[in-house]
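Structure, as structure tokens:
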Amino acid sequence: MESTFEYSPTVPLLSHLLQGKGLKNPINLGKAIRLWVLLRCIYGHESDPIYCHLNESFTYPEWRDAFFLEQKLFHQNFNTDSLEHSNSQCPCYKSIHQWLFADYLATDQQQWYEDFRETCYLAGDADIKDFLDTLSWEKSKSNDDKNRLFACVPRTINNNLKELVKLGYLEKIGDKFHKLEEIDFSSLAQSKLVDANFNFPNLSYIRQEDLSEVPDLFRATMGQKQRFFMHVDYVVAKRDLDNDWPYRFQQLWQENEFPILRLEYDSVSLHRLVKRITYPVCIYYYQRALYLCAYGQDPKDRNKLDWYNYRLDRIKVMANLDWSDPEIPLLLQEQYHQQNLFTADYIDTQLSRGFGFDFYKPLKTMVLRFNQDFSERYIDESFRHETFKKFDTVRQLSTWLGQQQLQPAEKKQLQRVIKQWQVQGEQEPTHSYFRMDYRHQDNNVIMRLRAWGPNVEVLFPLDLRQRMASDVQAMAALYSH
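The opening residue of the sequence shown carries number 0 in numbering that gives the first Met the number 0; numbering runs sequentially from there.
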């Protein structure tokens, strides 16, 4: 039985530690590498530079003092910002690239890239190095802070230690973690890539991070019996959906990469049938229905060009036009002739900029306060959106507030929140604070906030806060008798 942990951070090993969660998600990748480092600290060989001489039972502070340098200055208090620690000899200073490819147990970089590309179903031109440097798949974004995996608040590492308990590598009794006398790392040593030859459809079109992990599960289903199933809510009644629509658009795009259409659309918001000329870009499945994302005449104003998400079941008639048709708006014709029409990549980029499906609506930022227990159970380690960020300390919230141009009432509201947080203290937090960019007046945002119910409070902006308060009051009135 192998009880010493001396394994390189290969893609199969990191995937094994995640128990089916995808490495493509930046949060998951960082977590997997931290778990690998913790195993080295606890069970590694004494020659390993980060091996910690811990007792058979230890607390998080004992591990912290053995792992970090100058811990009293930068790693002891909950509200200490580890990012200020610039000692390159401290493990908190090391980047993901250093942990993986320039460490005591470094793995081969080229092989790691190939395995990562295969496991995550990435295109051949995907820039993995840039992703590891920035923890983002967007070229314009940088996340240098999270690239330093151990420059984080204690709760993150404490949760990672608890994860090792769930994985069977530690025991926890009271506030102490206990090493196992006999531990078998053979399953980690034998971790292999999933058989790439297993015939599975290309699911690169799945944009939701949670669903992007589904191929990993189904690739592992090798027996005669089906073991994995997926139920997807579909709000459109079968009688209302012309099943030919998706195939008609598929055929349309095969024949012409840049078609132009006249649609007759049954608009629920306008309560009438509208005829509009538009350029169809792609079809999205979002929140229980299929939508055609198109750019052209606005359903509410035919003289305005804008994006619109047409629900597929409400399209009544589709007519294919020629780009020379005089009815086509001049600006749209110019974009076509200049080869400057939008693509699906533009939509992906806009969706990543703010939560919500109406990617063409104005961007705003919300600040949320979650119940601490709910946050730890369901929010902290989850992926909600690229812009969903936690304020780990009251100083971070105060700094962010100082960078915003707010109305006096909104600024006063957040200053009140900061004072409340300061009074409560950070050692025993009662709430967690987050911010997220979102699409203003997008109903999907409202539905998400409603689903969190009394576990979340909208602190900012005030118009969204008032909207949620009105909804709650209206709902309470239904149950008041």
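Ideal placement from N, C-alpha and C gives every residue a C-beta, glycine not left out.
For residue i, tell me which candidate among the options has the shortest Cα-Cα distance.
i, options, result
"TYR335", "CYS151, PHE257, PHE4, GLY167", "PHE257"
"LEU396", "ARG415, HIS384, ALA408, LEU166", "ARG415"
"LEU13", "GLU427, TRP35, LYS128", "TRP35"
"PHE354", "GLN286, LEU477, LEU121, ASN27", "GLN286"
"ILE327", "GLN349, GLU263, ILE276", "ILE276"
"SER94", "ASN454, LEU134, TYR283", "LEU134"
"ILE346", "TYR290, GLN296, LYS389", "TYR290"
"ILE314", "ARG247, LYS128, LYS389, LEU68", "ARG247"
"GLN70", "VAL152, TRP111, ASP470", "VAL152"
"ILE378", "ILE282, LEU448, ASP305, GLN97", "LEU448"
"TRP306", "VAL316, GLY295, ILE41", "GLY295"
"SER268", "LEU260, GLN250, LYS299, THR392", "LYS299"
"ASN24", "LEU187, HIS15, CYS119", "CYS119"
"ARG368", "LEU251, TRP451, ASP129, LEU121", "TRP451"
"THR481", "ARG352, ASP372, ARG434", "Absent from the structure is residue 481, since the part of the chain shown begins at 0 and ends at 480."
"ASN559", "LEU99, LEU72, TRP98, HIS96", "In the structure as shown, the chain begins at 0 and stops at 480. Residue 559 is therefore absent and cannot be evaluated."
"GLU117", "GLY21, TRP98, ILE445", "GLY21"
"PRO453", "GLN371, LEU477, ARG394, GLN419", "GLN371"
Helix, strand or coil: which one does DSSP assign to residue i?
i, result
"PHE354", "strand"
"HIS430", "strand"
"GLN337", "coil"
"PRO60", "helix"
"ALA476", "helix"
"LEU461", "helix"
"ARG116", "helix"
"GLU456", "strand"
"LEU134", "coil"
"ALA125", "coil"
"ASP436", "strand"
"LEU22", "coil"
"PHE387", "coil"
"ILE282", "strand"
"ASN158", "helix"
"ALA318", "strand"
"ILE276", "strand"
"LEU331", "helix"
"THR364", "strand"
"PHE4", "coil"
"PHE369", "strand"
"ARG466", "helix"
"ASP194", "Summary for ASP194: the model assigns pLDDT 38, below 50, so the residue's position carries little reliability; its value from the coordinates is reported in the next sentence. ASP194 falls in the coil class under three-state DSSP."
Considering only the beta carbon of each residue, do residue i and residue j sit closer than 9 angstroms?
i, j, result
"PHE356", "LEU413", "no"
"GLY29", "PHE4", "no"
"GLU181", "SER56", "no"
"PRO8", "ILE32", "yes"
"TYR6", "PHE184", "yes"
"LYS410", "GLN403", "yes"
"PRO11", "ASP114", "yes"
"TYR284", "PHE176", "no"
"ILE156", "ARG301", "no"
"LEU260", "MET317", "yes"
"PHE66", "PHE130", "no"
"GLU375", "SER431", "yes"
"VAL471", "PHE373", "no"
"LEU104", "CYS89", "no"
"LEU37", "LEU179", "no"
"LEU311", "ILE282", "yes"
Just to confirm the assignment, what range does the alpha helix (DSSP H) spanning residue i have?
i, result
"HIS15", "10 to 17"
"LYS30", "25 to 42"
"PHE149", "First-last for PHE149: undefined, no H or E at that position."
"HIS96", "95 to 100"
"LEU72", "70 to 73"
"ASN308", "That residue, ASN308, is in no alpha helix (DSSP H); its beta strand (DSSP E) goes 300 to 310."
"PHE248", "244 to 254"
"PRO407", "407 to 423"
"ALA450", "442 to 451"
"GLN395", "393 to 401"
Residue i lies in the beta strand (DSSP E); which residues open and close that run?
i, result
"SER323", "Segment: none, SER323 is in no beta strand (DSSP E) and carries neither H nor E."
"SER266", "259 to 266"
"GLN296", "288 to 297"
"LYS360", "Taken as a continuous stretch (DSSP letters only), LYS360 belongs to no beta strand (DSSP E), as it is neither H nor E."
"ILE172", "169 to 172"
"PHE382", "Note, PHE382: premise wrong, no beta strand (DSSP E); not H, not E."
"PHE176", "175 to 178"
Would residue i pass as an interface residue toward chain B - the criterion being a Cβ-Cβ separation below 9 angstroms?
i, result
"ARG394", "The structure shown has no chain B; it contains just one protein chain."
Exercise. Pair every Cβ in the stretch 429 to 439 with every Cβ in the stretch 358 to 365, then say whether three or more of these pairs are closer than 8 angstroms.
Key: yes
Self-check item: Cβ pair count under 8 angstroms reaching 3, the stretch 370 to 388 against the stretch 460 to 475
Solution: no
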